[in-house]
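Residue numbers (this note's numbering): 1 to 73. Backbone N, C-alpha and C fix where the C-beta goes; we use that ideal spot for every residue, glycine too. One structure is given below, encoded as structure tokens.
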Amino acid sequence: RGQWNKDTIFIGWKRSPEGWIKLNCDRAYKELVDLDGCNDLLRDSDGRWIQGYTQKIGACDALHAETYDMYAG
């Protein structure tokens, strides 16, 4: 079996202004099967989860995946 190379990247979340909702989106690409996926997470200004989703979207570049993510979210 091949070696898995994983890098851990720590990312912080910044609070949105009081009364605002923040949309966090991300894209994932699986090279072996040439598929992209995206996910959204909506949180309030205290960081509480409101709604989220994940979806396979086929093969595309990062710009299109994240644009789709914002549209669908």
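First and last residue of the uninterrupted beta strand (DSSP E) at residue i
| i | result |
| --- | --- |
| K22 | I21 to K30 |
| D40 | L35 to D44 |
DSSP three-state assignment for residue i, whether helix, strand or coil
| i | result |
| --- | --- |
| T54 | strand |
Beta-carbon gap between residue i and residue j smaller than 7 Å
| i | j | result |
| --- | --- | --- |
| D40 | A65 | no |
| Y71 | I57 | no |
| D34 | A62 | no |
Best match in the options for proximity to residue i [C-alpha to C-alpha]
| i | options | result |
| --- | --- | --- |
| R48 | W20, D26 and Y29 | W20 |
| E18 | L32, D44, T54 and G52 | D44 |
| N24 | G12, D7, K6 and E31 | G12 |
| K14 | T54, T8, K6 and D46 | D46 |
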